[in-house]
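First up is the structure itself, then whatever we jot down about it.
Residue numbers (the numbering used here), protein chains in the order written: chain R, 20 to 423; chain C, 880 to 1317.
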């Protein structure tokens, strides 16, 4: 069974959630507004707590190597995604420990609803498997992960914070004795990062060409229009089924994700060192990094649908960074079932090992019912190469920083 | 219901009555001879005959006027013109209601057969003084309303009415828009067929109500006029992923005064002529910007106009209506929807003709077969987008409905009909229904 089910109620719920998140952002005050078009209105500046969070976010001294910060994998100059077009980041004290998943963009991350189930379908949550319940909880993991900032414990981070150039600011906000309790200091640092991610307008600028287009201030080119039509068409790309392109019920700009989970059967990526072990599988919702849904076997292989905002500048794609370009990623969507030999490994006997990044027993979890996956070998793909070019042209309109 | 209650009876011919009574009072009984008395009695008999005749004519005119003004295709036997009071004559409080229970069986898809309490409506009015009253209606659709059930609970009307004189009334609050034959008279005893006709559902979004102010006046020669300033539609409610906009363009963007966006107000104007007994002709126009000042929407004026008529010669009843809707400046919004299944049409229309016959009529019972032909198109034209992106115009849909209404008791009706659909992709279906109104 696929993790995806869709109901109008769920769509409304998540849109309302997103709308609520937007209104919370607005209420937070925001920062110096840029070209925000139709998103939450930015206020005069971010709070002192968020400003502290910004310093922590960008501070490489908080890592074991002294060279890795949150911004290393979430670079403001690359839409808060990794600047390095590699499938997984490398971290650790000596920068020699490879990661397991592609670092996602943090743009619009604060709009994510809390993880839960709606009509039995998983929804929301932070991280690609939704295991973090909040921005602060999500922020804690990289500090302590062996393959990222590689601190050994909260006290390790607290000790580094106490020596940071902004330690005085930290004490001003949280008290002079805050570092006496390392666990508390670490928790406060995570709170500050969460505030920064929620308040700073760079995390939700809503200033793409598409935002201007929705506001009636810019026109799409012919190719971009064709791409949008293919993107929305339920018989062609059907992309909008998971990545809604229209405004929400209260006029909120689209986030291009419905926060659902889907199992796409993305091919195994040999460039991830962990995949050298043939018994290792990243199964998303049911493990290995998330453990509370380990027995929910029908969810094995499902990952959270990401936003497509800034997708053109946040390569590589999918949870395992399997594809380096949008053309490849879209080609996989529409030719996965018509031409599986283009994507999957070949068995010893010469047969295509479809869905080769899933144990055999979970292959049935892959979504094979919805457009464009509802095909078989010999069928025409839902999109032609020219169509794919048009969709890519449209996806490029989702990049923030558009100037009229 | 509220409309009937506001209709005032034409003035009775008081001159004849006054003359007769005056003649009796002036009789000098003691002085009159038998011959004189006989002559006077004969004269009085003549006056009484004249009076009876005049009363019968006025009564018939009044009946025809109420029938036509209220656009009642079905005359409810024994129906009273005002709500039945259950709270005492002195309190000014009245209760009324109507309801509808339906069964629909598609011929080709019997598994889609449904039965439902389509509507259960309770109404309350309160007469504050002889010029001022409150009218309210609360409706439950499809029996159960909850997060897991299909029903809805709606405040359908909530307005204060004030009479300025016998010919001029004002309404303020949430009221029905005077559009078409059905919108103001949508109770099941008042229309033929188990379900309301499609034109006055898909094109005119019956039961269509808005909030605002309305003036209603009438003239001596049988012309009623309505003019109002009201809330309107909200185009940001258009969902291009849903088929709802194809089913009823305006029904998918109406607001029903549920936190309605009211940046842009709309105007409505209607005329109805009932000066000839048994005949009603009328027309209305509603227009207003549905952009509601929202980002990405600009000058999206919704205009709906219609013309209608009813004629009841003898036992026959004929009705016809044409409605046409238009939404301006849709291209810019549609460009953001391209590729989705349901874009915003620039125009849509529908018309129908209906004939009924009072076949059997005894006591309070009446058996009335009818037939109705409807043609509608909910997307008869789209504004131009880029080549290859403009949707194909929608198909004309034809619906032929034939059946019978059996009226019995006071304000109770049993219905049965057969509907043939062409161009809708839908299966023919058989419908049965029960309705009441009091």
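Beta carbons are placed, not taken as given, at the ideal position from N, Cα and C, and that holds for glycine.
Check	Outcome
Residue-chain proximity (residue 1187 of chain C, chain R), Cβ-Cβ < 8 Å	no
Other residues of its chain near residue 1094 of chain C: CB distance less than 6 Å, five sequence neighbours each side excluded	1049 and 1106
Residue environment, residue 1007 of chain C, which counts as buried when at least 16 other CB atoms sit within 10 Å	exposed
Partner residues on chain C for residue 252 of chain R, Cβ-Cβ distance less than 9 Å	1217, 1218, 1219 and 1220
Stretch-stretch touch, CB-based, cutoff 8 Å, three pairs: the stretch 368-388 of chain R with the stretch 281-297 of chain R	yes
N- and C-terminal bounds of the beta strand (DSSP E) containing residue 1320 of chain C	Nothing in the structure corresponds to residue 1320 of chain C, since chain C is present only between 880 and 1317.
Endpoints, alpha helix (DSSP H) assigned at residue 1288 of chain C	No alpha helix (DSSP H) contains residue 1288 of chain C, which DSSP labels as neither H nor E.
Whether residue 1227 of chain C touches residue 1257 of chain C by CB criterion (8 Å)	yes
Residue burial classification, residue 1238 of chain C (beta-carbon count within 10 angstroms, cutoff 16)	exposed
Spatial neighbours of residue 274 of chain R in its chain, beta-carbon cut-off 8 Å, leaving aside the 5 residues before and after	37, 127, 130, 263, 326 and 328
Local conformation of residue 1164 of chain C per DSSP, three classes	strand
Residues from the stretch 215-236 of chain R in contact with chain C, defined by Cβ distance under 8 Å	232, 233, 234 and 235
Extent of the continuous alpha helix (DSSP H) run through residue 141 of chain R	From DSSP, residue 141 of chain R is part of no alpha helix (DSSP H) but of the beta strand (DSSP E) over 140-142.
Chain R residues whose Cβ lies nearer than 8 Å to that of residue 1115 of chain C	266 and 270
DSSP-derived helix/strand/coil call for residue 311 of chain R	coil
Residues from the stretch 133-144 of chain R in contact with chain C, defined by Cβ distance under 9 Å	none
For residue 950 of chain C, the three-state DSSP class (helix, strand or coil)	Reliability of the predicted coordinates at residue 950 of chain C is poor, the pLDDT of 35 falling under 50, and the value obtained from them is presented with this limitation in mind. If DSSP states are grouped into helix, strand and coil, residue 950 of chain C belongs with coil.
Residues near residue 1308 of chain C by beta carbon distance below 7 Å, same chain, minus five either side	983, 984, 985, 986 and 1298
Cutoff 8 Å: residue 989 of chain C Cβ touching any chain R Cβ	no
8 Å Cβ cutoff met for residue 1022 of chain C and residue 992 of chain C	no
DSSP state of residue 1261 of chain C mapped onto helix, strand, coil	coil
Collapsed DSSP secondary structure at residue 1213 of chain C in the structure displayed	helix
Residue 1314 of chain C versus residue 1076 of chain C - alpha carbon distance	16 Å
Where the alpha helix (DSSP H) through residue 423 of chain R begins and ends	Premise fails: residue 423 of chain R is in no alpha helix (DSSP H) and is neither H nor E.
Residue 1104 of chain C versus C/1057, C/1130, C/1304 and C/1232, residue with shortest Cα-Cα distance	C/1057
DSSP state of residue 353 of chain R mapped onto helix, strand, coil	helix
Spatially closest choice to residue 365 of chain R from R/72, R/375 and R/66, by CA coordinates	R/375
Interface flag, residue 1308 of chain C vs chain R, CB-CB below 8 Å	no
Own chain partners of residue 152 of chain R with C-beta closer than 8 Å, once the 5 adjacent residues on each side are dropped	133, 134, 144 and 145
Cβ-based neighbour list, residue 90 of chain R, same chain, cut-off 7 Å, excluding 5 preceding and 5 following	76 and 77
Within chain R, partners of residue 1265 of chain C - CB distance below 7 Å	241 and 244
One or two residues paired with residue 116 of chain R in a DSSP bridge	R/110
Closer than 8 Å at the beta carbon, the chain C residues around residue 401 of chain R	By Cβ distance, chain C contributes nothing, its closest Cβ being about 12 Å from residue 401 of chain R, past 8 Å.
Supposed close pair residue 1169 of chain C, residue 1217 of chain C - CB separation, criterion 8 Å	The Cβ separation is near 20 Å, so there is no contact.
Reduced DSSP secondary structure (H/G/I, E/B, other) of residue 1203 of chain C	strand
Own chain, CB closer than 6 Å to residue 150 of chain R, minus 5 neighbours either side, in chain order	309
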